[in-house]
Each structure stands twice: as C-alpha cells, then as structure tokens.
Amino acid sequence: MLKENHYQKVASLLKNNASADEISKIVNDIRLDLNPHPAGQLEKNVPQIDGVKLTGIQHKYKETMLFFPKNGQTCHAYCTFCFRWPQFTNLDVYKFAMRESELMIQYLRLHPEITDILFTGGDPMVMRTKNIANYIDAIIDADLPHVQNIRIGTKSLAYWPYRFTKDKDADDLLRLLEKANKSGKQVALMAHFNHPNELDTAEVEKAIARIRATGTQIRTQSPLLRHINDDPKVWQAMWNKQVKLGCIPYYMFMVRDTGAQHYFSIPLYEAWNIFRQAYRSVSGIARTVRGPSMSASPGKVQILGVSAINGEKVFVLRFLQGRNPEWVHLPFFAKFDKKASWLDDLKPAFGQENFFYEKKYPKVDHTLKEMIYTKEFYN
Ligand SMILES: *Cc1c(COP(=O)(O)O)cnc(C)c1O
Ligand code: SF4
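Per this note's numbering, the sequence shown runs over residues 415 to 793.
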C-alpha cells in the first residue's frame, strides 16, 4: 500500500541490514509525507477554556461536540485506511485525549447549542465499562437538557462483538446504555461496517439484538474503499442486512486525504455511480444513508451528482455539515473532472474563481471568551 518511492526506501534499508534506529527514522519521515492530520484537525477544531487547550474535544459543527476519552484512543482494529492512524504511531506527541470529564461538562454548559456528544477515538469501546460509565454518568448527573444524544463511534460490533455478549463487563455495559436511555438521552452507536460479511456471524447478530434491547439506536457508516467494497452490490447487500438487523444506514464516506489514500481511494465520479446504483436498489427504509461524502476542512461535502448547465458538465455538491452552519444544504457546482477524488482536486464551475464558501472562510477561535457562533462568525 506504500507508494513506489516509499517502498523502495524501506526495502533498501532492509536489504542493507540497516539498524532499527535508521529504519524508524525513515519510517517516520514517510509517515510525515502521508498527511497525518487531514482537514486541519489539529489546529482548527480544538477549543480552549481560559487559555487551556481542550485537546480531548473537537467542536467543528455547531450541534455536535466530539469527545476523545483518554483511554479510548486505541482500537480493536488497525485498519490500513484509518484516518486517525497517527494516534497509533509514536509520531504524535499530541493526541486527542483528555481525562477530565469535568472540563467536558464545563464546555457543554457553556455551549447550549450542542445537542450531541459523540465519543470517538480510536474506539471508545476498548474502554472497560467502568471507565465509560465515568463519562456517561457525568453527563446524566450534570442535568444538561440541551444535550439530547449521546453517540459512540465504534468498530467493536464488527471486530469484537463479544464486547456486548461475553466480555466480563458486557452486561454492565448494556445496563449503562439502558440507564442513559432511561434518563431521557438517546444513545446511538455509530457502528463502522465495511462489508456485509462483517454482519454474517451469529455473534454480531446477538450483540446487535442485545444493544437494541437497551433502547440504543445503531447507525452505520463506512468509507468507500478500493479492493474492499467498490461495488454497488456489496453496499446494497450491506444496507439490506443492516436494516434487517434493525440498524439505520447513515453515511458513505470518501477515503480521506491521508495515509494510503492512493491505494484505497475512488474518484468522485465512480463513487457517485456506486452510491446511486446501490441506493436505487434498496427501499426507502434504507435510504436514510447519505453520501458519498468528503470530510474536508470546510465541512462534509456530498456529491449529489453530475449534470450539465448551459452546456458545461458539472458536479453538483452540497454541504451536509459546514464549519459555517449557513453553508449547509446549499447546492453548488464544480467543473466535472473524471479523475478528481477529493474536494481539493475540484475547480469551481462557470469560470468562477472561488467556491462560495471560500470568500468568507471564517477564522475559527473556539475560546470561551469569544464564543464561536456569533454574528461576526457568519459575516
Ligand atoms: C462527522 C462529524 C461530526 C458528526 O456529524 P453528523 O453529520 O452530525 O453525524 C461531528 N464533528 C466532526 C468533526 C465530524 O467530522
Ligand atoms: S476502526 Fe476506525 S479508528 Fe479503528 S483503526 Fe479502523 S478506521 Fe481507525
């Protein structure tokens, strides 16, 4: 999955019996070449309280705060297409992580616009139930009526369904989910499945049934991956199977511009074709899914389709999420480009210089003194 020049560098080191130190130095250089922090996740989305950077929080879209629990920053899987891969190397001194649930609560109190908290990682489900309970209980006890949804992003259903069936604290975990739902919050498991085969075991079916019995919703998402699921039939089967098991298809993502993107990525045009062929072959119940979507620096951009306007062939796009909430759901146009595979590859249509959102790209400063979603922010 490495590019040829990177591969040759490592191969020649190995052939010449290079020392571990030499190898690790070159490997780290290669990692830095692979755009370890796409969409400016490091600089742009980290809020502060009184000058203290809350490195465990990302708040990019108004309604939803991402939370990176300190002990949830590893993963059951180490997917070679992971966009959080730098966290699993020794490259990153800086990791999204923070232990203090108090700071999280303080931040939520100061941001009544937040309806959703999304626990992410790594995979928060690598944590023991008692650690997860620390955070969930803190949210329940804090009495924050504006926080309606507790979401947990996880690969565990596909990779370690025993987390919900046989692990020693599996039953405690289910009771915790049930308690959170009964407290009036809606818990949603944002489950990562790449292929229908991951839904084929008796264990995953059992795990899904147990989770649903707690009142928790399961919403599913996956990137579109060359060599893995670049076929509409695979998506059709996957969405149908998910619906059959009571899950709600949610997102199809484009492979992000990091790591081995060159190996896994699929051009936007082909991705749109795969999406629409799968989408049109499932019933409306499964058409809750949205995509294909690029999680880029300005927001989540969906490829709605290809069209021609005044003789010019264009991509029709829209923001599903925007750094500026006013951008959401406005159709916009890019020159058609059969090879483009990411937002950065696209040029505005109709000879325009900028996309509409580029002119007023806001400088985001998530300090509490300077609240972010102010009038100035929009103008
Ligand atoms: C995807 C994402 C979210 C969640 O967006 P939804 O559309 O509400 O699922 C929140 N924050 C960031 C930074 C994201 O990339
Ligand atoms: S499951 Fe998600 S976080 Fe874990 S390695 Fe795969 S892509 Fe990365």
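By construction, the Cβ of each residue, glycine as well, lies at the ideal position given by its N, Cα and C atoms.
- Message: Using DSSP's beta-bridge definition, name the partner residues of A748.
- Response: Stepping through the sequence shown from its first residue, residue 748 is reached at position 334. Answer is F729 and P762.
- In terms of alpha-carbon separation, which member of D557, P712 and G660 lies closest to T702? Counting from one through the sequence shown, the residue named residue 702 turns up at place 288. Of the candidates D557, P712 and G660, the one whose C-alpha sits nearest the C-alpha of T702 is G660.
- Could you name the residues that DSSP lists as bridge partners for P637? The residue labelled residue 637 in the question sits at position 223 within the sequence shown. For P637, which the question treats as bridged, DSSP gives the partners F667.
- Counting Cβ pairs, one atom from each stretch, are 3 or more of them under 8 Å apart for the segment 705-714 and the segment 729-743? yes
- Query: With distances taken between CB atoms, is the gap from E436 to L446 smaller than 8 Å?
  - Reply: On the sequence shown, residue 436 is found 22 positions in, with the first residue counted as 1. On the sequence shown, residue 446 is found 32 positions in, with the first residue counted as 1. No; because the gap between Cβ atoms is not below 8 Å, this pair is not in contact.
- Query: Would you call the segment 751-758 and the segment 673-693 touching, i.e. three or more CB-CB distances under 8 Å?
  - Reply: yes
- Residues in its own chain within less than 8 Å of K417 by CB, not counting five upstream and five downstream? For the purposes of this step, residue 417 is taken as the residue at position 3 of the sequence shown. Hits under 8 Å: H676.
- Query: So is the beta-carbon of Y492 under 7 Å away from any non-hydrogen atom of ligand 2?
  - Reply: Start at 1 with the first residue of the sequence shown, and residue 492 comes out as number 78. The answer is yes for Y492.
- Under the three-state reduction of DSSP, which class applies to Y475: helix, strand or coil? Locating residue 475 in the sequence shown gives position 61, counting from the first residue. Reduced to three states, the DSSP call for Y475 is strand.
- With DSSP collapsed to three states, give me the class of T543. Here residue 543 is taken as the residue at index 129 of the sequence shown, counted from 1. It is helical.
- For D645, does the three-state DSSP call read helix, strand or coil? As a first step, residue 645 must be located in the sequence shown, where it is residue number 231. Here D645 sits in coil by DSSP.
- Query: Which residue from Y421, H473 and V601 puts its Cα closest to that of R626?
  - Reply: As a working note, residue 626 is residue 212 in the sequence shown. Selected option, being the one with the closest Cα: V601.
- Applying the criterion that 16 or more other CB atoms from any shown protein chain within 10 Å of the CB defines a buried residue, is Y792 buried or exposed? Looking up residue 792 in the sequence shown gives position 378. Bear in mind that a pLDDT of 31 at Y792, under 50, signals an unreliable position, so the number given afterwards is only what the model happens to contain. By the neighbour-count rule (16 or more Cβ atoms within 10 Å), Y792 is not buried but exposed.
- Message: Beta-carbon within less than 8 Å of E516's beta-carbon, same chain only, minus the 5 sequence neighbours each way: which residues are those?
- Response: Position 102 of the sequence shown, counted from the first residue, corresponds to residue 516. So the qualifying residues of the chain are A552.
- Message: Could you check if T634 belongs to the surroundings of ligand 1, using beta carbon to heavy atom distance under 7 Å?
- Response: Locating residue 634 in the sequence shown gives position 220, where the first residue counts as 1. T634: no, Cβ never under 7 Å from ligand 1.
- Query: In the DSSP assignment, what residue or residues form a beta bridge with G736?
  - Reply: Walking along the sequence shown from the start, residue 736 turns up at place 322. According to DSSP, G736 bridges with G713.
- Task: Give me the Cβ distance between H560 and I531, rounded to the nearest whole Å; I'm assuming they're in contact under 8 Å.
- Result: As a first step, residue 560 is located in the sequence shown; it is residue number 146 there, counting from the start. As a first step, residue 531 is located in the sequence shown; it is residue number 117 there, counting from the start. With a Cβ gap of about 11 Å, H560 and I531 do not count as contacting.
- Query: According to the Cβ coordinates, are V466 and I440 closer than 8 Å?
  - Reply: What you label residue 466 is simply residue 52 of the sequence shown in a count that begins at 1. What you label residue 440 is simply residue 26 of the sequence shown in a count that begins at 1. Their beta carbons are not under 8 Å apart, which means V466 does not touch I440 by this criterion.
- Item | Buried or exposed (CB count within 10 angstroms, at least 16 for buried), F578 | Working through the sequence shown from its first residue, we reach residue 578 at position 164. F578 is buried by the Cβ-count criterion.
- Message: Beta-carbon within less than 6 Å of C489's beta-carbon, same chain only, minus the 5 sequence neighbours each way: which residues are those?
- Response: Stepping through the sequence shown from its first residue, residue 489 is reached at position 75. Excluding residues within five positions, the ones whose Cβ falls inside 6 Å are G536 and D537.
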